[in-house]
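Going down the list, the sequences are from chains A and B.
Under our numbering, the very last position in the first sequence is 795; numbers go up by exactly one each time.
Under our numbering, the very last position in the second sequence is 795; numbers go up by exactly one each time.
These notes concern the structure reproduced below.
There are 2 protein chains.
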Amino acid sequence: MRNDLLLRAALGEPTDRVPVWMMRQAGRVLPQYRKIRAGVKDFKEFLAHPELTAEATLQPVSEWDVDAAIIFSDILVIPEAMGFPFEMVENTGPIFTKKINTINDIKALNIVSDETFINPTLETIRLVKKEITGQLPLIGFCGAPWTIFAYMLEGKSGKDFSRARRFLLDEPEAAQLLLEKITQSSIYYLKQQIKNGADIIQIFDTWAGILGYSLFKQYSFPYLQKLFLAIAEMEVPIIIFLRGCPYGIRSLSLLPKAVIGLDWMQIPAEARALAGPNLTLQGNLDPSLLYASEERIRSETLSMLKDFGSLHTIANLGHGLYPDIDKEKARIFVDTVKSFRF
Amino acid sequence: MRNDLLLRAALGEPTDRVPVWMMRQAGRVLPQYRKIRAGVKDFKEFLAHPELTAEATLQPVSEWDVDAAIIFSDILVIPEAMGFPFEMVENTGPIFTKKINTINDIKALNIVSDETFINPTLETIRLVKKEITGQLPLIGFCGAPWTIFAYMLEGKSGKDFSRARRFLLDEPEAAQLLLEKITQSSIYYLKQQIKNGADIIQIFDTWAGILGYSLFKQYSFPYLQKLFLAIAEMEVPIIIFLRGCPYGIRSLSLLPKAVIGLDWMQIPAEARALAGPNLTLQGNLDPSLLYASEERIRSETLSMLKDFGSLHTIANLGHGLYPDIDKEKARIFVDTVKSFRF
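Quick look at the structure:
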């Protein structure tokens, strides 16, 4: 592979420079994405067209020359494939059309075990691989079991997901069944992604941080661990992104060769102390700093790189690019990382 | 004072047992609150009736025999008093009726310097003090400058407050002017609360955690510090509550005798390491654990108390009571703390 910096950094091998990509690099920040997106009815229609999602996947590579492509998809592909569909409402986010009230609603859901509903993602991977094989790594992804569970129980995005957290305690048996079904579905999904060409995986536990330590240990970590260990057999690196969850960093450090994706609220030195010396960390510039002046973006990026150190580091933002960020500001971030040498 | 446990723990003095109160203890969890609330048109109408807010303030003391009362009010009293009114929309939250776009919108706002708009809060304090003077401490409060700023810029509650964060970087001069006006208004407001009888203050920086370290240092901490130091002159203890902001704990430890209120994502031992040995910590049971069984609430509460240790500790939840929590479950939490001895 012409540029395997990301894979080598993920495995803890030394690299000439720190590799860089950006969460949500494919999408609304790019005018060329907004153009192809405008040609279809809505977001879900867009996801159903692999030739479009493949193009969206490649756009940030052409635009910024980042060190990896990440498939254009959505973490809610899995609940939908389980029989729990969503609508994407403009300016609101996803809304599920069914509701989970009892264990029977969960028993009615499938474990994903064939390609019917995930084929658009897999076809996207196949199309993208035709373009970048031998060039750059392709990142596959899914949501963590708890995060998917949180969306499904809440029925939409939320701030506290207190309905989802309440369900864990009111209906522990039902909650475990759903978490298990999501985990099994995600194992199948990621394995198919890897078989079709994904070189590295990221698992998003975006809502880990609203669980306190006690509920995280019980309802997030065991399923993350199961998913991680099943996928680790395929011998691709796995990044686990956590938001707002310092105790999670310590738990993840128990997983052999995990890469830990940090949100922007973590201070690199403190995350390193929690993770121990051997794991690779990915992160974590505050995405809102891309609203700042060129000079500030450069100095904040350099300061972040120095805080992380040269080894075991992948540069990224601490959360996805906000859609109203200027793509030239994102370029300053990428270029600053790429031109920096320790 | 018959029960000054909270004040003594806040000052770092030894106490026979750990004092306990609950954020949002006055409000929808209690049927007796829902009853008096039903007698008026809406939440804002309720706030305008000090005889009702005083009653709501005292209800949790009668119900659970907690170690302090906290005035029933809202942090958005300050923006309203500055000339930036809000409506409270049922099931949605606050919506501001004006919008801040430029520095001129900020120049048009007042610094609160008379009692006109804050009088209902002050009258609530006077009424409550008639009942509990010599009995229990009364907690006054306000929002932290950054948190109030975040609501004002966003126009409502949010998840990421990315408009507010963008404004910090796009319009730093305007942002500083607004933060300064909020700070000055809050200093006046808290001083009047104390003069009218508040025995201890809590400042809520609920949205500190969506600022990364760099923006927190620049736009939250300096204003928190200014507010803290101005109020500390009045010689009452001051609790500063932070959500999702571990670097904030370290910053606050620089403030002499501050009490740090912890959210439920902080592990007590790690918070203690960040805060140093001398400050009192308040926290931090995951409020969703009050959906659990009696047995689990007891064991989680005991485990939290042991993690905090006997000195420099105030027991609380890590966030406000959720409105659908059973008041008997809250009682188990309070009683478990009150009967525990190290």
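Note that the Cβ used here is the ideal one computed from N, Cα and C, for glycine as well.
Identify the continuous beta strand (DSSP E) that holds A/Val-542 and give its terminal residues. 539-542 is the span of the beta strand (DSSP E), which, as asked, contains A/Val-542.
What residues of chain A sit near B/Tyr-775, judged by a beta carbon separation below 7 Å? What B/Tyr-775 touches in chain A: Ser-615.
Buried versus exposed call for B/Thr-555 [16 or more other C-beta atoms within 10 Å across all chains shown]: Flag for B/Thr-555 reads exposed.
Exposed or buried, which one is A/Pro-484 when buried takes at least 16 other CB atoms within 10 Å? Its Cβ having fewer than 16 others within 10 Å, A/Pro-484 is exposed.
Taking the alpha carbon of A/Pro-513 as the point to measure from, which residue in A/Leu-630, A/Glu-543, A/Gly-480, A/Leu-500 has its own alpha carbon closest? In this structure, A/Gly-480 is the residue among A/Leu-630, A/Glu-543, A/Gly-480, A/Leu-500 with its C-alpha nearest to the C-alpha of A/Pro-513.
For A/Phe-594, name the three-state secondary structure that DSSP assigns. Under the three-state reduction of DSSP output, A/Phe-594 falls in the strand class.
Verify the CB distance criterion: does A/Lys-791 have a CB-CB separation below 8 Å to chain B? Not one chain B Cβ lies under 8 Å of A/Lys-791.
Short of 8 Å Cβ to Cβ, which residues in the stretch 694-715 of chain B face chain A? Closer than 8 Å at the C-beta level to chain A, one finds these residues of the stretch 694-715 of chain B: Gly-697, Cys-698, Pro-699, Tyr-700.
Give, in chain order, every unbroken run of the alpha helix (DSSP H) that is at least 4 residues long and sits entirely within the stretch 720-778 of chain A. Within the stretch 720-778 of chain A, the complete alpha helix (DSSP H) runs of at least 4 residues are 721-728, 747-761.
Would you kindly check if the distance between the Cβ of B/Ala-745 and the Cβ of A/Leu-622 is under 8 Å? Yes, the Cβ-Cβ distance between A/Leu-622 and B/Ala-745 is below 8 Å.
Is it true that the stretch 468-478 of chain A meets the stretch 538-556 of chain A, where meeting means three or more beta-carbon pairs spaced less than 8 Å apart? Verdict: no, contact absent.
Interface flag, B/Ser-741 vs chain A, CB-CB below 8 Å: B/Ser-741 has a beta carbon lying within less than 8 Å of a beta carbon in chain A.
Contact set for A/Arg-487: own chain, Cβ-Cβ below 7 Å, skip 5 residues either direction: Answer for A/Arg-487: Arg-481, listed in chain order.
Provide the residue span of the beta strand (DSSP E) that contains A/Gln-478, from first to last. Per DSSP, A/Gln-478 lies in no beta strand (DSSP E) segment and is marked neither H nor E.
In three-state DSSP terms, what is B/Ala-522? Note: B/Ala-522 maps to strand in three-state DSSP.
Test: B/Ser-667 CB closer than 8 Å to a CB of chain A: Answer yes: the Cβ-Cβ gap between B/Ser-667 and chain A drops below 8 Å somewhere.
8 Å Cβ cutoff, A/Gly-762 in contact with chain B: Closer than 8 Å: no.
Span of the beta strand (DSSP E), counted from its first residue to its last, around B/Val-712: Annotation for B/Val-712: the continuous beta strand (DSSP E) segment containing it runs 712-714.
Spatial neighbours of B/Ala-507 in its chain, beta-carbon cut-off 7 Å, leaving aside the 5 residues before and after: Excluding sequence neighbours, B/Ala-507 sits near Thr-577, Leu-580, Val-581.
Identified DSSP bridge partners for A/Gly-665: Bridge pairing for A/Gly-665: absent [DSSP].
Report back the beta-carbon spacing between A/Pro-403 and A/Ile-585 to the nearest angstrom; my notes put them in contact at under 8 Å. Only positions 454 to 795 of chain A appear in this structure, which leaves residue 403 of chain A out of reach.
Bridge partner(s) assigned by DSSP for A/Pro-547: As DSSP reads the structure, A/Pro-547 sits in a beta bridge with A/Met-541.
What in chain A is Cβ-close to B/Glu-748, meaning under 7 Å? Those do not exist, as B/Glu-748 stays about 12 Å from chain A at its closest Cβ, beyond 7 Å.
Hey, does A/Ile-528 have any beta-carbon neighbour from chain B nearer than 8 Å? Taking Cβ atoms only, chain B never reaches closer than 8 Å to A/Ile-528, which makes this a no.
Pick from A/Phe-795, A/Glu-781, A/Thr-733 that is closest to A/Trp-517, judged by C-alpha positions: Checking every option, the nearest Cα to that of A/Trp-517 belongs to A/Glu-781.
Alpha helix (DSSP H) segment containing A/Phe-681, residue limits: Per DSSP, A/Phe-681 belongs to the alpha helix (DSSP H) from 674-685.
Measuring only the C-alpha atoms, how far is A/Asp-658 from B/Tyr-641? Answer to the nearest angstrom: the Cα atoms are 43 Å apart.
First and last residue of the alpha helix (DSSP H) that includes A/Gln-671? A/Gln-671 -> no alpha helix (DSSP H), and no H or E assigned at all.
For B/Phe-694, three-class secondary structure by DSSP: In the three-state scheme derived from DSSP, where H, G and I count as helix and E and B as strand, B/Phe-694 is classed as strand.
Determine the DSSP secondary structure at B/Ile-785, reduced to helix, strand or coil. B/Ile-785: helix per DSSP, three-state reduction.
Spell out whether any CB of chain A is found under 8 Å from the CB atom of B/Ile-720. So, interface residue.
Going by beta carbon distance, what residues of the same chain come within less than 6 Å of A/His-765, once the five residues before and after it are set aside? Within the same chain, and ignoring the five residues on either side of A/His-765 in sequence, the residues whose Cβ sits closer than 6 Å to its Cβ are Gly-465, Thr-733.
Could you tell me whether any Cβ in chain B is nearer than 8 Å to the Cβ of A/Leu-652? The question names Leu, yet the displayed sequence has Asp at residue 652 of chain A. Interface flag for A/Asp-652 against chain B is unset, since no Cβ pair is found closer than 8 Å.
A/Phe-499 in three-state terms, based on DSSP: In the three-state reduction of the DSSP assignment, A/Phe-499 falls in the helix class.
Would you give the residue range spanned by the beta strand (DSSP E) that B/Ile-654 belongs to? Its beta strand (DSSP E) spans residues 653-658.
A/Gly-662: contacting residues in chain B (beta-carbon distance under 8 Å): In chain order: Gly-697, Met-718.
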